[in-house]
Structures are given as structure tokens and as C-alpha cells.
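**Student:** Just so we're aligned: 1473 in the working numbering is position 301 of the sequence shown, and the numbers increase by one with no gaps anywhere. Attaching a single structure in C-alpha cells format; questions to follow.
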Amino acid sequence: MKMTGERNPAAAVDEAARRDAPVLELQGLTIALPAGGGRPAAVRDLSLAIAPGEVACLLGAAGAGKSTVADAVLGLLAPALHLDRGRILFAGEDVTRAAPARLRALRGAGVSLLRPEPAAALDPLLTCGQQLELLLRQRTRLARAARRERALTLLAEMRLPGPERIAARHPHQLGRDERLRVLTALALALDPALLVADDPMRGLDVPAQAAFVALVRELQRRRGMALLWLGDDFAVAAALAQRVCVLHRGEAIEAGAPRALLEHAQHEHTRALVAALPRLQARARPANPQAPVVLRVSELAMTYRHGRLPGRRREVQALEGVSFEVHRG
């Protein structure tokens, strides 16, 4: 049932764009921690505005308060935390203390959240295609055939090889980077105006991170959505964001364009993040063939077997005849 005075999220964003208003605005956001939390507030006096189609990044080390900001924006704060003061505006609408039904309507269609650990976020009992179709059945009026087509289109948009194959598989049958892309498809299925990406690449290797950053950049530009990226990697922030805000212990300590912060960082914690570069462009040191061998692998093979019923068993040769040496250093 639609609440009186409730606005459609997409219409609200279109209206905000016409008024040149932010799609998301945080005004003096302060989120208090319970007694004994190590500091009075998880987030203190944070102000931030993101225009429609803009990319901003909240950058900071673990414990800076980034995930708490994401939870607050989505209305998902833990019971132990409470919004002490400040406001959260979505397309001009104050959702700081919105009713649960209104927040549910905004999630997915207005603002969507992408987090790491896709194996935990995906239902292990449903195929990836079934999970997309279930979301579309719950939140749209698409017919069954249209839901199936939309699910495959979303998987193809994620640059997943063989969307039909991915749709038919359960999460445990996919690699971690593939699961993350399926989770991204779910996050974007309802065409949100804002995607909040909370350090989603945690656990991915460097090549997979670089590929995912390129995908997110492509999706953001093609869809025209706003993006709030939360993380600790300045290289990713520089590749994606137009503006970066550095958080330390819940407070914004420095903000600006990535290049300006890269070249003229003022705060020691910002300089520490810059000093950690590069990660996406990491290069290995030249090998020293004279150094002692610390690891030797010879003719390694690995086969995965699926299914127990006769005639339904499948074998996948993951590795065959792999040999290499790792020298000290």
C-alpha cells in the first residue's frame, strides 16, 4: 500500500535533477556509540552532498566510520547505535526518521547497497537467476518471461561470460569475483539513483580488483547513477571519484579532488593513504634465478566433480600439468 504523500524514488530523483539538488545530502550527521565504544561517536558532524550522476568516495582506514555511514543512509543502523543529530536527505526528502515502510520502498529503487562477502549475501539454495527473478517478482510488475529476460540482461551487463550458465548456477559454484558481479546485478536490478558500495572488493586479487573497478566505472557512466564508494584504497578512489572525503575516527579531516589530495595532502592520515599507492598498478620485482627455491610445484592437476547420480556427474579440469618455482625474495 502506498503511503499518503510518498514519492516514487525515480520521480523524486528526476525532480531533484531538474532543481539541481543533490541525490544524497548528509547534514551534520552524528551517530553516537554506546558507552565503552572507544569514542563518543562512530560518525561526528559529517556533511556531504552528492549530485545526480556524481561519484564521491569516503576514504579511511578500518574503524573510520565508513560502514556506519552506509548503514545510516540505508536506514540499517544497528540497535546499539543511534542518530544523535543531523539529517539525511534523499532527493530533497528528509529520511532521517522515515517510517520503516518508506525506507523499504527507497532501498533498491532509490538507493542500493553493495558490500563484500557475496557468498554470505546470496541465498545458497537458489540459483543466481532465481534470485534475480525473485527480486523482480517482489518489486516489479514484470511477467515471468520478462523477469527471466531482465535477469539475463543484468548478468550480461556485468560482463559475466555465458549469462545463461551463470543464471543456472548456485553461488558456491562460482568464483568470488563472479559472485560479486552477481551481487552487483542484484543491487542494480531496480535501477537505483544511488549505489553505495561499501568496500565490495575485499578479498579480491589485484587483477580482479582492476577489472571490477573498470566495470563499476562503465556501469556508473552508462546508467548515469550517483555512486558513493567507501574504501581505504586511494588508487581506487582516484580511478572512480570526482571528490574524496577522508574519514578518521568518524570525522572528516580532509576533502577535495583526488589529484589535489594526491599532490597536496595536508593531514597525516591522508598522507598515509597516499603513501600506500599503488595497489591496482602493483608490479612484481624481477626474479633472481640464483636465489634458493622456496616453493616448487610440479605437474599439479586438480579436478572438480559435481553430482552424485549416475549419468548426472560432471567433471571440470581446473588445473592440469602446472609447474613453477618461487625463489626467495
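Using N, Cα and C, we set each Cβ at its ideal position, and we do this for glycine too.
Glu1336: which of Gln1345, Leu1324 and Pro1343 sits nearest, CA to CA?
**Tutor:** Residue mapping note: residue 1336 aligns to position 164 of the sequence shown, counting from 1. It is Leu1324.
**Student:** DSSP puts Gly1156 in a beta bridge; with which residues?
**Tutor:** Residue 1156 cannot be examined here, being either before or after the span of the chain that is shown, 1173 to 1501.
**Student:** Measuring only the C-alpha atoms, how far is Val1416 from Ala1429?
**Tutor:** Translated into the one-based positions of the sequence shown, residue 1416 becomes position 244. Translated into the one-based positions of the sequence shown, residue 1429 becomes position 257. For Val1416 and Ala1429, the distance between alpha carbons rounds to 6 Å.
**Student:** From the DSSP output, in three-state form, read off Arg1500 for me.
**Tutor:** Residue 1500 sits at position 328 when you count from the first residue of the sequence shown. Arg1500 falls in the coil class under three-state DSSP.
**Student:** How long is the line joining the alpha carbons of Val1446 and His1344, rounded to whole angstroms?
**Tutor:** Locating residue 1446 in the sequence shown gives position 274, where the first residue counts as 1. Locating residue 1344 in the sequence shown gives position 172, where the first residue counts as 1. When rounded, the distance between both Cα atoms is 36 Å.
**Student:** When the Cα of Arg1502 is compared with those of Leu1297, Ala1234, Pro1206 and Arg1374, which residue comes out closest?
**Tutor:** Residue 1502 falls outside the range modelled here, since the chain spans only 1173 to 1501, and no answer is possible.
**Student:** Starting from Asp1217, trace the beta strand (DSSP E) both ways and give me its first and last residue.
**Tutor:** Looking up residue 1217 in the sequence shown gives position 45. Its beta strand (DSSP E) spans residues Ala1213 to Ile1222.
**Student:** Can you tell which of Gly1282, Ala1221, Leu1201 and Pro1372 has the C-alpha that lies nearest to the C-alpha of Leu1355?
**Tutor:** For this step, residue 1355 is matched to residue 183 along the sequence shown. Nearest C-alpha to Leu1355: Pro1372.
**Student:** Express the C-alpha separation of Leu1491 and Pro1272 in angstroms, rounding to a whole number.
**Tutor:** Sequence index remark: in the sequence shown, residue 1272 carries index 100 (1-based). Sequence index remark: in the sequence shown, residue 1491 carries index 319 (1-based). CA-CA distance, Pro1272 to Leu1491, rounds to 50 Å.
**Student:** Provide the residue(s) that pair with Gly1403 in DSSP beta bridges, ordered along the chain.
**Tutor:** Start at 1 with the first residue of the sequence shown, and residue 1403 comes out as number 231. DSSP, once it has assigned bridges, lists Leu1231 as partnering Gly1403.
**Student:** Based on Cα-Cα distance, which residue from Ala1444, Val1498 and Met1474 lies nearest to Val1466?
**Tutor:** Along the sequence shown, read from residue 1 onward, the residue named residue 1466 stands at position 294. Of the candidates Ala1444, Val1498 and Met1474, the one whose C-alpha sits nearest the C-alpha of Val1466 is Val1498.
**Student:** I'd like to know whether the C-beta atoms of Gly1264 and Ala1365 end up nearer to each other than 7 Å.
**Tutor:** Within the sequence shown, residue 1264 is the residue found at index 92, counting from 1. Within the sequence shown, residue 1365 is the residue found at index 193, counting from 1. Against a cut-off of 7 Å, the Cβ pair of Ala1365 and Gly1264 comes out as no contact.
**Student:** Quick check on Met1474: buried or exposed, where buried means 16 or more other Cβ atoms within 10 Å of its Cβ?
**Tutor:** Looking up residue 1474 in the sequence shown gives position 302. Met1474 should be labelled exposed.
**Student:** Measuring alpha carbon to alpha carbon, tell me which of Ala1193, Gly1237 and Ala1270 ends up nearest Ala1223.
**Tutor:** Working through the sequence shown from its first residue, we reach residue 1223 at position 51. For Ala1223, the closest C-alpha among the options Ala1193, Gly1237 and Ala1270 is that of Ala1193.
**Student:** Which first and last residues belong to the alpha helix (DSSP H) in which Val1388 is found?
**Tutor:** Working through the sequence shown from its first residue, we reach residue 1388 at position 216. Looking at the DSSP string, the run of the alpha helix (DSSP H) that includes Val1388 is Val1378 to Arg1395.
**Student:** Is it true that the CB of Phe1406 sits closer than 7 Å to the CB of Leu1376?
**Tutor:** Here residue 1376 corresponds to residue number 204 of the sequence shown, with the count starting at 1. Here residue 1406 corresponds to residue number 234 of the sequence shown, with the count starting at 1. With contacts defined by Cβ atoms closer than 7 Å, Leu1376 and Phe1406 do not form a contacting pair.
**Student:** Quick one: give me the first and last residue of the beta strand (DSSP E) that Ala1369 is part of.
**Tutor:** Taking the sequence shown and counting its residues from 1, one reaches residue 1369 at position 197. Start and end: Leu1366 to Asp1370.
**Student:** Give me, in chain order, the residues of the same chain whose beta-carbon lies closer than 7 Å to that of Met1173; leave out the 5 immediate sequence neighbours on both sides.
**Tutor:** By one-based count along the sequence shown, residue 1173 stands at place 1. Interpretation of Met1173 is limited by its pLDDT of 28, a score under 50 that renders its predicted location unreliable; no figure is taken from the coordinates.
**Student:** Relative to the C-alpha of Asn1460, which residue among His1441, Arg1500 and Ala1228 is closest?
**Tutor:** Locating residue 1460 in the sequence shown gives position 288, counting from the first residue. Minimum Cα distance to Asn1460 is reached at Arg1500.
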